[in-house]
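Here's the structure, in structure tokens; my notes come after.
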Amino acid sequence: MLPLRNCLPYDIVMNDVFAQECPFCQSSHVLLPLKPEDVSSLSGGRRKILLVFPCCHGSVRVIDSDSDYLLADRPVRGK
Ligand SMILES: [Zn+2]
2 MLPLRNCLPY
12 DIVMNDVFAQ
22 ECPFCQSSHV
32 LLPLKPEDVS
42 SLSGGRRKIL
52 LVFPCCHGSV
62 RVIDSDSDYL
72 LADRPVRGK
């Protein structure tokens, strides 16, 4: 089971991946430097990606994904 506080909700629009909210600066609908195939390649922990948010250059290591969330290796959401 994924620890919810480590989960980052995302949306795929066309061929772009957006975070619903940046966990660092709270910008909404942030275009991520990821492609949908990167997200699917993360699924099941087969791959890890250092994700850098373009809005504020905050970074987090993404270690898994499912159809709604990217899973970070540390908490990214409020208490
Ligand atoms: Zn940000």
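Counting in my numbering, the sequence shown runs from 2 upward without gaps. By construction, the Cβ of each residue, glycine as well, lies at the ideal position given by its N, Cα and C atoms. In this text, all values refer to a predicted model and were calculated from it rather than measured experimentally.
Report task. In angstroms with no decimal places, state the Cα-to-Cα distance between LEU72 and VAL18. Result -> Sequence index remark: in the sequence shown, residue 72 carries index 71 (1-based). Sequence index remark: in the sequence shown, residue 18 carries index 17 (1-based). So the two alpha carbons sit approximately 14 Å from each other.
**Report entry** Assigned secondary structure, SER66 (DSSP; H/G/I helix, E/B strand, else coil)
**Finding:** For the purposes of this step, residue 66 is taken as the residue at position 65 of the sequence shown. Strand.
Query raised in the report: By a C-beta neighbour count over all protein chains shown, 10 Å radius and 16 as the cutoff for buried, is ASP74 buried or exposed?
Result: Stepping through the sequence shown from its first residue, residue 74 is reached at position 73. With fewer than 16 Cβ atoms within 10 Å of its Cβ, ASP74 is classed as exposed.
**Report entry** Selection from PRO4, ASN7, VAL53 that minimises the alpha carbon distance to LEU32
**Finding:** Looking up residue 32 in the sequence shown gives position 31. Nearest of PRO4, ASN7, VAL53 to LEU32, Cα basis: VAL53.
Requested in this report: Using the Cα positions of SER29 and LEU51, report the straight-line distance between them to the nearest angstrom.
Outcome: By one-based count along the sequence shown, residue 29 stands at place 28. By one-based count along the sequence shown, residue 51 stands at place 50. Cα to Cα, SER29 sits roughly 20 Å from LEU51.
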